[in-house]
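Undergrad:
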Amino acid sequence: MKSLAQQMSFYQRYHRSPKNRLTHFFGVPMIILAVMQAFSWIPLGPSGLNATHVIVLVLLMYYFLLDVPLALAMTAFFAVMLAVTQHLARLPWPWALTAFGVLFVGGWIIQLIGHHFEGRKPALLDNLFQIFIAPMFLMAEVFFYFGYKPGLRRRVEELAAQSA
Numbered sequence: 000m001k002s003l004a005q006q007m008s009f010y011q012r013y014h015r016s017p018k019n020r021l022t023h024f025f026g027v028p029m030i031i032l033a034v035m036q037a038f039s040w041i042p043l044g045p046s047g048l049n050a051t052h053v054i055v056l057v058l059l060m061y062y063f064l065l066d067v068p069l070a071l072a073m074t075a076f077f078a079v080m081l082a083v084t085q086h087l088a089r090l091p092w093p094w095a096l097t098a099f100g101v102l103f104v105g106g107w108i109i110q111l112i113g114h115h116f117e118g119r120k121p122a123l124l125d126n127l128f129q130i131f132i133a134p135m136f137l138m139a140e141v142f143f144y145f146g147y148k149p150g151l152r153r154r155v156e157e158l159a160a161q162s163a
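The sequence shown begins at 0 in numbering that gives the first Met the number 0 and counts up by one.
#1: Measure the alpha-carbon distance for residue 115 versus residue 16 and round it to whole angstroms.
#2: Specify, as a first and last residue, the run of the alpha helix (DSSP H) that residue 0 falls within.
#3: Under three-state DSSP, which class holds residue 49?
#4: Contact between the region 104–122 and the region 53–71: three or more CB pairs below 8 Å?
#5: Can you tell me the Cα-Cα spacing of residue 25 and residue 44, whole angstroms?
#6: Examine the Cβ distances between the region 149–160 and the region 31–50 and report whether three or more of them are shorter than 8 Å.
#7: Kindly indicate the opening and closing residues of the alpha helix (DSSP H) around residue 147.
#8: What do you reckon, are the CB atoms on residue 188 and residue 82 nearer than 8 Å?
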């Protein structure tokens, strides 16, 4: 399994432009919310659990293997996203589909605008697994902004520079 720094350095090579990074803070959560909403329509028995719960649990387990403090922050992020998802999933069907479409298509449009600024295609076109790293990368960016995890930041930048 690649370390968090290795995963993030690959992702960072595709996200150097501040404008691109900024668009990702809007586009990525929109896409995540849309995908979570879609999977919430797949019930898992009478318990009230759905496929979104399982996917989030597995993803958080992976995040905890990579970095505990970031995974704790991602747990809070996904708790909020789950609450919003459950609300969206209970909307009347036409409204729920509209919300899904606006979030999914809108999120991708924002992403593509960001990559236009970057002048480079999205990382997931070279490595589909990057779609799972994007949310944690953004959370790490928030940590870095507030001065947390400076060692991780240096390591990511070193690895990204070596591969450039």
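Quick reminder that beta carbons are idealized off the backbone N, C-alpha and C, glycines included.
TA: In short, the structure shows the following:
#1: To locate residue 115, count along the sequence shown from 1; it is residue 116. To locate residue 16, count along the sequence shown from 1; it is residue 17. Taking the straight line from one Cα to the other gives about 10 Å.
#2: Residue 0 sits at position 1 when you count from the first residue of the sequence shown. No alpha helix (DSSP H) contains residue 0, which DSSP labels as neither H nor E.
#3: Indexing the sequence shown from 1 puts residue 49 at position 50. Here residue 49 sits in strand by DSSP.
#4: no
#5: As a first step, residue 25 is located in the sequence shown; it is residue number 26 there, counting from the start. As a first step, residue 44 is located in the sequence shown; it is residue number 45 there, counting from the start. Between residue 25 and residue 44, the C-alpha separation is close to 33 Å.
#6: no
#7: For the purposes of this step, residue 147 is taken as residue 148 along the sequence shown, with counting starting at 1. Note, residue 147: premise wrong, no alpha helix (DSSP H); not H, not E.
#8: Nothing about residue 188 can be reported from this structure: the residues present for the chain run from 0 to 163 only.
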